[in-house]
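Chemist: For the sequence shown, position 20 matches number 21 in this note's numbering, and the numbering has no gaps at all. Each residue gets a CB set at the ideal place from its N, CA and C atoms; glycine is no exception. Quantities reported herein were computed from a predicted structural model and do not represent experimental measurements.
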Amino acid sequence: MEFLELVRQRQSVRKYTDRPISRGLIDKCIEAARLAPSANNSQPWSFIIIDDETQKNQLCDRAFSGVYQSNLFVKKAPVVIVVLTEPKQIAARIGGWFRNVEYHRIDVGIACEHLILQAEELGIGTCWLGWFNEKAVKKTLELPGSAKVDIIISMGYPADDRIREKKRKTLNEVRKYL
Ligand SMILES: Cc1cc2nc3c(=O)[nH]c(=O)nc-3n(C[C@H](O)[C@H](O)[C@H](O)COP(=O)(O)O)c2cc1C
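(1) Say the cut is 7 Å; is the CB of residue 129 nearer than that to a heavy atom of ligand 1?
(2) Unbroken alpha helix (DSSP H) runs of length 4 or more, entirely within the stretch 67-151: which are they?
(3) Taking all protein chains shown into account, decide if residue 127 is buried (16 or more other Cβ within 10 angstroms of its Cβ) or exposed.
(4) Count the other CB atoms within 10 Å of the CB of residue 157; is the residue buried (16 or more) or exposed (fewer)?
(5) Ignoring anything shorter than 3 residues or poking outside the stretch 27-65, list the beta strand (DSSP E) runs there in chain order.
(6) Buried or exposed: residue 72, going by 16 or more other Cβ atoms within 10 Å of its Cβ?
(7) Quick one, which of 2, 4, 11 and 42 has its alpha-carbon nearest residue 168's?
(8) Taking only the alpha-carbon atoms, compute the straight-line gap between residue 136 and residue 69 and give it to the nearest angstrom.
(9) Could you pull the start and end residues of the alpha helix (DSSP H) that residue 7 belongs to?
(10) With a threshold of 6 Å on Cβ separation, who are the neighbours of residue 74 within its own chain once the five nearest residues in sequence on each side are excluded?
(11) In angstroms, rounded to a whole number, what distance separates the CA positions of residue 42 and residue 49?
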């Protein structure tokens with residue numbers, strides 16, 4: 002598929018079928034993320050895959066309760082990926098501090114989009130999730146208090162094949178040639 006076609010076709014999927022996703026395909030998506038570029042090649046990420054029904058339900062019940070319950074649809078996704086942001090590399094941190102840019106967050110964003118576009122190419126739907134109880138996620142996964150979880154990704158085969166119209170700014174609004 003032409004790349005731009007893939008990008009046009011990708012959309013947030015919030016309704017999934019029960020069809021499981023094989024670990025081989027999940028690994029292919031993680032491989033795409035692994036190969037992403039990052040500031041000073043610091044690769045400040047790792048991915049926790051939750052594909053066990055009981056563990057996923059427990060995580061979702063805790064992560065998406067109270068003010069976060071709009072994202073409870075994730076419980077129906079066969080796979081949930083918790084993305085850890087790990088800004089451990091000193092050179093990248095100093096560079097980021099000097100420039101006042103959080104490079105590690107840019108890096109994780111790139112890696113996640115690689116993952117998501119690879120999933121799309123495999124016919125697997127995804128949704129970025131930034132609205133969740135981070136403390137509850139860390140407690141459930143027994144992560145240290147210092148761990149940072151900025152993004153979760155839900156994955157599953159879409160229950161609906163229709164591609165919605167994209168609501169985006171126009172090319173003229175976002176592009177300026179000098
Ligand atoms: C960083 C980030 C966080 C997001 N968080 C959520 C979320 O918590 N829940 C949700 O349903 N969608 C979430 N989204 C999906 C956006 O709402 C969606 O990408 C946007 O509305 C454009 O729609 P599309 O993905 O279908 O093209 C998030 C997207 C990004 C990039």
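Modeler: Taking the definition as stated:
(1) yes
(2) 91-100, 104-122 and 135-141
(3) buried
(4) Around the Cβ of residue 157, a 10 Å sphere holds 16 or more other Cβ atoms; the residue is buried.
(5) Here the runs fully enclosed are 46-51.
(6) buried
(7) 11
(8) 12 Å
(9) Unbroken alpha helix (DSSP H) run through residue 7: 4-10.
(10) 15
(11) 21 Å
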